[in-house]
Amino acid sequence: MFRQDRTNPSTAVSNWRGRHDTPKAWPSSAVSTWLNGGLFGDGAATGAAYFGGGYASGIGNTSAVQKFEFPSDTRSTLSATLSVAAPYLGSAANSGVAGFWAGGYPSSANTTVVDKVLFADETRSTVTGLTAATRYLSGCANSGVASYFGGGFAPSRTATVDKGLFSDDSRAALGTGLSSARYAPGAAANSGTAAYFAGGNSGSDVDTVDKFAFSDDSRTTLGTGLSSARNRACGAANSGVAAYFAGGEATSGNLTTVDKFAFSDDSRTTLGTGLSSARQGMAGAADSGVAAYFGGGVVFTYGTVVDKFAFSNDSRTTLAQGADPATDVWAGCANSAGLA
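Residues in the sequence shown are numbered from 9 upward in steps of one, following our numbering.
And the structure:
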């Protein structure tokens, strides 16, 4: 029998598991990864949310990537930077492997650039670019398989959805794009099942939610859209459970609204507690199974606030450490233990 008292000396007996065959199922894991409950997932979660690019207060366009550790929520800034300083970009993650930042508007023109940041050592490389230079796009991923970047300006509003395979970083546009050409949708994914692109502006703001099945990349449009038409909302997901679309800009102004779509039936509810302040241009990321993070954006000035919504009860807290500097129109993704 596997002796947990030898690798978990500080844990209570009541927290041990009787899975004597577990080491045989983890042949490549080091004993050091078993400590303090890590072998069975009962210890502290690992991973982080990464928010990159955008327009930073006092700086202008930025290539910086800010990191919020799970579960401590402490913030640091990566030594590596994105290859271009740009706002209006999209991001997606192959959890456990790498985050990807795509497109944007670095100066006087859109870009096709896709940067890849490895989670293991936080180094950055540049991989196959978008099929068209695009800004105001959004991204999400089928972790372990592919990223999806959709919508934006390229050079006018576009319905294009690019799919990037994680196996070789190749990229191609789907045969079926969004149901309408639009910029600044929000995106979130039920990994293994489907991608969701919500809202955006197609000449006017829309409440449309398009769903792309990962099995064949076919698109359907949900019968129930967002609770109000908007652009520049951001998305995050508790994979297997629900997608969350937060904030954004509507004709009435910036919003605090957080809409939740249950993956079981794609029904929508609106959380009783919204963002701590009305804002647009945030970045969203999720520690799947734990919480969604919505950071930065514009209130009246560039925002530093990072709001955290616990998936257990959808309650909101605000992180003690926010974005530094305050940043708008950036993009986020996460290395989530729940998806690795």
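Just so you know, even glycine gets a beta-carbon here, dropped at the ideal spot from N, CA and C.
Inter-residue CB distance, residue i and residue j (contact presumed, cutoff 8 Å)
i	j	result
residue 300	residue 294	5 Å
residue 158	residue 145	6 Å
residue 250	residue 57	Not a contact, Cβ separation roughly 18 Å.
residue 246	residue 319	5 Å
residue 303	residue 59	6 Å
residue 264	residue 283	4 Å
residue 184	residue 226	7 Å
With 16 other Cβ atoms within 10 Å as the buried cut-off, status of residue i
i	result
residue 344	buried
residue 176	exposed
residue 229	exposed
residue 173	exposed
residue 103	buried
residue 87	exposed
residue 218	buried
residue 325	exposed
Between the CA atoms of residue j and residue i - distance to the nearest angstrom
i	j	result
residue 127	residue 105	6 Å
residue 5	residue 239	Outside the displayed span of the chain (9 to 348) sits residue 5, for which this structure offers no information.
residue 153	residue 271	19 Å
residue 281	residue 323	7 Å
residue 139	residue 206	21 Å
residue 63	residue 335	6 Å
residue 115	residue 190	21 Å
residue 244	residue 108	15 Å
residue 155	residue 274	21 Å
residue 82	residue 316	13 Å
residue 257	residue 67	24 Å
residue 332	residue 201	35 Å
residue 214	residue 236	8 Å
residue 133	residue 123	6 Å
Extent of the continuous beta strand (DSSP E) to which residue i belongs
i	result
residue 173	169–173
residue 300	299–303
residue 149	146–150
residue 157	154–158
residue 74	73–77
residue 109	106–110
Residue i Cβ short of 8 Å to the ligand GDP heavy atom set
i	result
residue 102	The ligand GDP is absent from the structure shown, which contains no ligands of any kind.
Any chain C beta carbon closer than 9 Å to residue i
i	result
residue 143	Of the protein chains in the structure, only one exists, and it is not chain C.
- Message: Can you confirm whether the region 110–120 touches the region 92–100 when touching is taken to mean that 3 or more C-beta pairs between the two stretches lie within less than 8 Å?
- Response: yes
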